[in-house]
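Enquirer:
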Amino acid sequence: MALDYFRRHQNITYGQKLESAGGTFELGFFTNAASTKHYLGLWFKVSPQAIVWVANHDSPLMNTSGALAISGNGNLILLDNSNGTIVWSSNSTYTTNPISVQLLDSGNLVLRDLETNGVLWQSFDWPTNTYLPGMKVGKDLKTGHE
0 MALDYFRRHQ NITYGQKLES AGGTFELGFF TNAASTKHYL GLWFKVSPQA
50 IVWVANHDSP LMNTSGALAI SGNGNLILLD NSNGTIVWSS NSTYTTNPIS
100 VQLLDSGNLV LRDLETNGVL WQSFDWPTNT YLPGMKVGKD LKTGHE
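Numbering (numbering that gives the first Met the number 0), first residue to last: 0 to 145.
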């Protein structure tokens with residue numbers, strides 16, 4: 000059975016996946032059938048071709064050495080382990096508290112502060128090509144993020 004979360008000092012690498020608790024969504028690495036570029040994304044488990052969110056759509060990996068991890072400063076990062084570069088980052092708020100990344104049954108990937116239970120970052124705030132129920136469109140009046 001696949002996990003729906005991981006914590007700091009753990010990661011997801013090529014071939015590993017997170018699966019939402021209800022089994023609706025998966026997060027992992029995939030390759031576009033028309034190219035050799037590699038991406039980290041979310042899709043419907045019953046239809047892996049139905050990609051609903053992509054982290055690194057502007058910066059694809061050229062090999063299978065990617066790893067999704069939580070950095071020391073509390074950001075969710077996608078690393079290219081072949082050269083040690085950060086390909087994508089959540090640019091979330093710094094915290095020294097315990098942190099986890101969880102794939103929810105809604106299809107929302109969240110970075111959560113485990114002490115306050117606060118959401119530091121969520122994929123629903125950064126939609127790519129598919130809108131899912133629960134996503135909001137417009138400006139967040141608290142943060143100013145559009």
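A virtual CB, placed ideally from N, CA and C, is assigned to each residue, including glycine.
Does DSSP put residue 3 in a helix, a strand or coil?
Expert: In this structure, residue 3 counts as coil in the three-state DSSP scheme.
Enquirer: Determine whether the beta carbon atoms of residue 65 and residue 13 lie at a separation below 8 Å.
Expert: For residue 65 and residue 13, yes; Cβs fall inside 8 Å.
Enquirer: Got a sec: is the Cβ-Cβ distance from residue 29 to anything in chain C below 8 Å?
Expert: Given the protein chain composition of this structure (a single chain), no chain C is represented.
Enquirer: Distance check for residue 70 and residue 96, CA to CA, integer angstroms please.
Expert: Roughly 12 Å separates the two Cα atoms.
Enquirer: Leaving out five residues on either side along the sequence, give the residues of the same chain with a beta carbon under 7 Å from the beta carbon of residue 10.
Expert: Counting only Cβ-Cβ distances below 7 Å, and skipping sequence neighbours, we find 66, 67, 68.
Enquirer: Is the stretch 28–40 in contact with the stretch 103–110, if contact means three or more CB pairs nearer than 8 Å?
Expert: No, the stretch 28–40 does not touch the stretch 103–110.
Enquirer: Check whether the Cβ atoms of residue 74 and residue 58 sit closer than 8 Å, and answer yes or no.
Expert: No, these two residues do not count as a Cβ contact at 8 Å.
Enquirer: For residue 122, which of helix, strand or coil comes out of DSSP?
Expert: Helix.
Enquirer: Within its chain, find whatever has a CB closer than 6 Å to the CB of residue 80; leave out the 5 residues flanking it on each side and keep chain order.
Expert: Closer than 6 Å at the Cβ level, and outside the excluded window around residue 80, lie 64, 66.
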